[in-house]
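A.B. asks: Here's a structure for you.
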Amino acid sequence: MKPERVRPGAFPRLCLWSGLLFLYVPLAMLVLGSFNANRLASVWSGFSLHWYAGLVSNEALLQAAGLSLLVAATSATLAVLAGTQLAFVLARRGVFRGRALLALLSTSPLVMPEVILGLSLLLLFTGMEDLFGWPQGRGLCTLILAHASFTVAFVSVVVQARLAGMDPQLEEAARDLGATPWRSFRDVTLPLILPGVVAGWLLAFTLSLDDVVIASFTSGPGGSTLPLLIWSKVRLGLAPEINALATLLMLVVMLCLLLSAWLFNRARSD
Amino acid sequence: MLLCWSWTLGLLLLPLVIVLRISLAEPRLAQPPYSPLWRTDVEGAASLDLRWDSYRLLLEDPVYAQAWWDSLGLAGGTALLCLLLAYPMAWAIAASSPGRRRTLLLLVMLPFWTSLLLRIYAWMGLLAPQGMLSQALIWSGLRDLPLTLLHSPPAVFIGMVYAYLPFMLLPIHASLEKLDAQLLEAAADLGCPPWLAFLRVALPLSLPGVMAGTVLVFVPALGEFVIPDLLGGPGTLLLGQVLWNEFFVNRAWPIAAALALTLLGSMGLVLASHQILQRRLGQHT
């Protein structure tokens, strides 16, 4: 028998609605500010797309956005490759020597503060440079490696959740029918966990696109990512161009989420 | 298998080992800015050169103790405020119909998908002296002068609660969802007033969720950097900012490394005690 639901009270409901207001009012104001013709946030002097037009002609910003997209896409792909394998090993291999250590280490980026992740990765890169002469300085390579190294943990958790919901007997059946381990993974497991893999990629992509702290440790003097650019501008005070940029980015995220929701629903109805 | 191990050992464990090694060195005005691991004496014999000076400095200099207290206060306060807001919210969500529940959870999660940096920027706009909140207070006649919340401790708390609320809400909701309301009805039938039934029945049963949420908020909040950097004032320095300054501004790599390891160690302590408590709780129910 299903447990009966707790009864809603007036106070919890009040908290729920004020909590949701608390979550959404700042975002609404952010969007509103991007259409304000006035530079001052407090004075509304009419609707304008002025700040959006400014974005398109901002060379440094476009370059940073391009770099960020490249880093996010590459590191998310690396993270999915390693994270899926990691999830598979942790969920399917049973007990093996060092499993506890692997599980502990691989989930540590979920709670480790970004300053520690950034510091330790930078020290690793400079140490490697001293010993092997690679990576020379910091730049695209170190940035991608750093982002991949902390997003793997998130991919692995998402894929593990998907693997836990899947019947392992399906893989056993494939093996009994003579499929090689790789074939049973490719033809049986992978199609079933694909939604988890895609969700993991999207999560890794978003996390990479959002990161300021690790990027400021591991990026080079030349290439500034979009969050780094926004951060250095925002530290100086309010800027309506950032409102316009934020509105556009939120729109892109919404479209991505809608697209993935649509893909999931289609996959389920098939 | 090889990929898994090389990734976890090479990109997660090895960096921490290097941090440990640098934390035991002495700052130098050189490249790299710390003393070498081996010391060779006149006869050419090498010996390990480990120094505990960085850790001693962390204990002795009151600047670091202040940063610890401020960070612990911020993390604890954030966890408490999140709990006070998230618990009733989770209750209201758990009490609604399954379809509505999914929509409400989605609404709570949705802002999480927008960049943290931009969400904090949105609060900068609201809290600035010429911002929305201050203007609204003046307009409604509650205040005469602009309210300067930005770059003050309350602003940091608002931003922290805003960013960490879902981490508290989701585990609490997960445990309230499983709570059978018939238990509360039984308590009421036996003459128990609702508030006592909540305290004696519902709250203990949702305790695992509350504990998980508290840990999920407290641990990352302890080392938070972006939110205090953007919303906080120049007066208070938290652990994340101290580490940042030691590394980038003072180039004191060994001190930054020692600070990182002590911070990591204290987080490990919190997580381990949570594991033990959770296991204890599991045995009782």
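In order, the protein sequence lines correspond to chains U and S.
Just so we're aligned, residue 5 is where the first sequence starts under the working numbering, counting upward by one.
Just so we're aligned, residue 419 is where the second sequence starts under the working numbering, counting upward by one.
Even glycine gets a Cβ: it sits at the ideal position worked out from N, Cα and C.
1) Taking 7 Å as the cut-off, is the C-beta of L522 of chain S nearer than that to any heavy atom in the ligand HEM?
2) Provide the residue(s) that pair with S465 of chain S in DSSP beta bridges, ordered along the chain.
3) Any C-beta of chain U sitting closer than 8 Å to the C-beta of L575 of chain S?
4) Whose C-beta lies closer than 7 Å to the C-beta of A150 of chain U among residues of the same chain, with five residues either side of it excluded?
5) Decide if the segment 518 to 537 of chain S is in contact with the segment 558 to 565 of chain S; the criterion is three or more beta carbon pairs, one per stretch, under 8 Å apart.
6) Answer yes if the segment 674 to 692 of chain S comes into contact with the segment 439 to 457 of chain S, meaning at least three C-beta pairs across the two stretches below 8 Å, and no otherwise.
7) Three or more C-beta pairs closer than 8 Å, one from the segment 440 to 460 of chain S and one from the segment 161 to 173 of chain U: is that the case here?
8) Using the rule of at least 16 other Cβ atoms within 10 Å of the residue's Cβ for burial, across every protein chain shown, is E461 of chain S buried or exposed?
9) Please compile the residues from chain S whose C-beta is within a distance smaller than 8 Å of the C-beta of A86 of chain U.
10) Which complete beta strand (DSSP E) runs does the segment 663 to 699 of chain S hold, if anything under 3 residues is left out?
11) Which chain U residues sit within Cβ distance under 7 Å of F665 of chain S?
12) Use the C-beta contact count for W470 of chain S: other C-beta atoms within 10 angstroms, 16 or more gives buried, fewer gives exposed.
13) Using beta carbons (cut-off 8 Å, strictly below), is P586 of chain S in contact with chain U?
14) Is P529 of chain S helix, strand or coil by DSSP?
15) What's the gap between the Cα of D214 of chain U and the Cα of P231 of chain U?
16) Roughly how many angstroms separate the alpha carbons of R93 of chain U and M132 of chain U, rounded to a whole number?
17) Given a cut-off of 8 Å on the beta-carbon distance, is the pair I246 of chain U and V257 of chain U in contact?
18) Name the chain U residues that come within less than 8 Å of A512 of chain S, Cβ to Cβ?
19) Using the beta-carbon of each residue, which ones in chain S are nearer than 8 Å to V15 of chain U?
20) For H591 of chain S, which residues of its own chain have a beta-carbon under 8 Å away from its beta-carbon, when the five flanking residues on both sides are left out?
21) Tell me, please, whether the segment 192 to 200 of chain U touches the segment 62 to 74 of chain U by the rule of three or more beta-carbon pairs shorter than 8 Å.
22) Which value, in whole angstroms, describes the spacing of the CA atoms of W21 of chain U and L649 of chain S?
23) Which residue wins for smallest C-alpha separation from H197 of chain U, given the options U:L144, U:T88, U:S110 and U:L263?
24) Quick check: the segment 650 to 660 of chain S against the segment 612 to 626 of chain S, are at least 3 beta-carbon pairs closer than 8 Å?
25) Is the beta carbon of T654 of chain S less than 8 Å from the beta carbon of D488 of chain S?
26) What is the DSSP secondary structure of M5 of chain U, counted as helix, strand or coil?
27) Taking the alpha-carbon positions, what's the I556 of chain S to A45 of chain U distance?
28) According to DSSP, simplified to helix, strand and coil, what is N62 of chain U?
29) Could you give the distance in angstroms between the alpha-carbon of L31 of chain U and the alpha-carbon of E175 of chain U?
30) Since A76 of chain U and S212 of chain U should fall inside the 8 Å C-beta cutoff, what is the C-beta to C-beta distance between them, to a whole number of angstroms?
31) Flag Y582 of chain S as yes if its beta-carbon sits less than 8 Å from any beta-carbon of chain U, otherwise no.
32) Given a threshold of 16 other Cβ atoms within 10 Å of its Cβ, counted over all protein chains shown, does D459 of chain S qualify as buried or as exposed?
33) Considering only their Cβ atoms, is the gap separating I148 of chain U from L681 of chain S smaller than 8 Å?
34) By the criterion of Cβ-Cβ separation under 8 Å, what are the contact partners of P529 of chain S in chain U?
35) Can you tell me where the alpha helix (DSSP H) with F209 of chain U in it begins and where it stops?
36) If you draw a straight line from the C-alpha of S110 of chain U to the C-alpha of L560 of chain S, how long is it?
C.D. replies: So, from the listed chains and residues:
1) The ligand HEM is absent from the structure shown, which contains no ligands of any kind.
2) S:R457
3) Residue identity check: residue 575 of chain S is Phe in the sequence provided, not Leu. No, because no Cβ of chain U sits closer than 8 Å to the Cβ of F575 of chain S.
4) Cβ within range, chain order: L125, I218 and T222.
5) no
6) yes
7) no
8) When all chains shown are included, E461 of chain S counts as exposed.
9) Correct list: L421, C422 and W425.
10) Listed in chain order, nothing qualifies, since the segment 663 to 699 of chain S has no complete beta strand (DSSP E) run of 3 or more residues.
11) L123
12) exposed
13) Rather than Pro, the amino acid found at residue 586 of chain S in this sequence is Met. Not one chain U Cβ lies under 8 Å of M586 of chain S.
14) The answer is helix: DSSP assigns P529 of chain S an H, G or I state.
15) 6 Å
16) Just to set this straight, residue 93 of chain U is Val in the shown sequence, not Arg. Cα to Cα, the separation comes out at about 28 Å.
17) no
18) Close partners of A512 of chain S in chain U (Cβ separation under 8 Å): R9 and V10.
19) Checking the displayed sequence, the identity of residue 15 of chain U turns out to be Phe instead of Val. Within 8 Å Cβ-Cβ: P506.
20) A508, I511, A512, L523 and G627
21) no
22) 25 Å
23) Here residue 197 of chain U is Ile; the residue named in the question, His, does not match the sequence. The alpha carbon of I197 of chain U has as its nearest neighbour, out of U:L144, U:T88, U:S110 and U:L263, the alpha carbon of U:T88.
24) By the C-beta criterion, the segment 612 to 626 of chain S is judged not to be in contact with the segment 650 to 660 of chain S, since fewer than 3 inter-stretch pairs fall below 8 Å.
25) yes
26) Note on M5 of chain U: pLDDT 47, under 50, position unreliable in the model; no value is reported.
27) Their Cα atoms are separated by approximately 15 Å.
28) coil
29) 46 Å
30) With a Cβ gap of about 4 Å, A76 of chain U and S212 of chain U count as contacting.
31) When Cβ-Cβ separations below 8 Å define contact, Y582 of chain S makes no contact with chain U.
32) exposed
33) no
34) L27, Y28 and L31
35) L194 to D214
36) Approximately 52 Å, taken between the alpha carbons.
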